[in-house]
Amino acid sequence: MIRFGWAALNCSIFENRLEAVRELHEITENTILDEKKTFEEFIEREASKLDEETRERFYDHYHDEHLKYRDDFPNISRSSLFMNCFFSLENFLYEWCCYFDNNSEIKLKDAKDKGLRKYRNYLKQFVTDTNFFATPLWESIMFYQDLRNALAHSNGNLDMSSNVSLINKLKKEKNVTLTKYGEIRLNEDFINEVTDKLLVFSDGLYEQLEHLSRRK
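In the UniProt record's numbering, the protein residues as written are 1 to 216.
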């Protein structure tokens, strides 16, 4: 599809950021994996020099360090990249809203709700298909918002006695793991899943709105 004008620029900025996130995700995953292998080789090399009793104490001493490479570093990286995707999505939709706010009599301040829901309610007045924001793709984006809030406000640790709705959603996600302690862990494929869906969403929103942006 050949794109034109301001709409094309807004989509390109958003999509380029998503592609950069994908590339950085691959780099960081490979780097962490290499560091993990190096650390494990060091552990096994040094452990082989020890007797059995001392070896067990040696393993115990480095246990927490190993967990950093196995669990903490990947999850911190994935969570950070996911948050970057979400912030970029918010800005992308806000830019669309500002464009129409400046070029129509329909004003963003009059739209109900806040955040993504406010942007949705505003842009629904301009899209060619009124069902665009009532699709499984938009439902995924709403889930990402709930996930973003959990990561931002509870540091990715849910109270298992509450948050029932989000917990049920998390259990259905193939690329998100919820531990028995309520800790949210993003799997390796999660970032690519998110960027894939947001790229499709960007393309779809362009098709819905670009005809209006070309009139201005």
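Cβ atoms here follow ideal geometry from the backbone N, Cα and C, with glycine treated the same way.
(1) Can you tell me whether A150 is buried or exposed? The criterion is at least 16 other CB atoms within 10 Å of its CB, across all chains shown.
(2) Going by C-alpha to C-alpha distance, which of N102, E90 and A111 sits closest to Y144?
(3) Could you check how far apart the C-beta atoms of L178 and K171 are, in whole angstroms? I think they sit under 8 Å.
(4) According to DSSP, is V127 helix, strand or coil?
(5) What is the rounded straight-line gap between the Cα of I167 and the Cα of M160?
(6) Would you kindly work out how many angstroms separate the C-alpha atoms of E105 and R117, rounded to a whole number?
(7) If we count the other Cβ atoms within 10 Å of its Cβ and call it buried at 16 or more, is Q208 buried or exposed?
(8) Shorter than 8 Å from the beta carbon of S154 to some beta carbon of chain B?
(9) Out of N75, I27 and L123, point me to the one whose CA is closest to L212's CA.
(10) For V200, count neighbouring C-beta atoms within 10 Å of its own C-beta (all shown protein chains included) and say buried if the count is 16 or more, exposed if not.
(11) For Y181, count neighbouring C-beta atoms within 10 Å of its own C-beta (all shown protein chains included) and say buried if the count is 16 or more, exposed if not.
(12) Look at E15 and S202 and say whether their C-beta atoms are less than 8 Å apart.
(13) Please report the distance separating the alpha-carbon of A111 from that of H153.
(14) With 16 as the cutoff for other CB atoms within 10 Å, does E210 come out buried or exposed?
(15) Report yes or no: do the region 122–137 and the region 72–84 share at least 3 C-beta pairs separated by less than 8 Å?
(16) Out of A8, S12, N155 and G204, which one is the CA nearest neighbour of M83?
(17) For D92, collect the residues of the same chain with a Cβ closer than 6 Å to its Cβ; drop the 5 residues on either side in sequence, then sort them by chain order.
(18) Could you check the C-alpha separation between N10 and K68 for me, to the nearest Å?
This is what the structure gives:
(1) Buried, because 16 or more other Cβ atoms sit within 10 Å of the Cβ of A150.
(2) Closest by alpha carbon: E90.
(3) L178 to K171, Cβ: 6 Å. Contact.
(4) Looking at V127 - three-state DSSP - the assignment turns out to be coil, as it is neither helix nor strand.
(5) Spanning the two alpha carbons is a distance of roughly 8 Å.
(6) In a straight line, the C-alpha of E105 is about 20 Å away from that of R117.
(7) Under this definition Q208 is a buried residue.
(8) The structure shown has no chain B; it contains just one protein chain.
(9) Closest option to L212, Cα to Cα, is L123.
(10) Of the residues assessed, V200 falls on the exposed side of the cut-off, its CB having fewer than 16 other CB atoms within 10 angstroms.
(11) Answer is exposed; the Cβ neighbour count stays below 16.
(12) Yes, the pair counts as a contact, with Cβ atoms nearer than the cut-off.
(13) Inter-residue distance for A111 and H153 is about 26 Å (C-alpha atoms, whole angstroms).
(14) With 16 or more Cβ atoms within 10 Å of its Cβ, E210 is classed as buried.
(15) By the criterion of at least three beta-carbon pairs nearer than 8 Å, the region 122–137 is not in contact with the region 72–84.
(16) Nearest of A8, S12, N155 and G204 to M83, Cα basis: N155.
(17) The displayed chain sequence assigns Phe, not Asp, to residue 92. Only F14 meet the Cβ criterion.
(18) Rounded to the nearest angstrom, the two C-alpha atoms are 38 Å apart.
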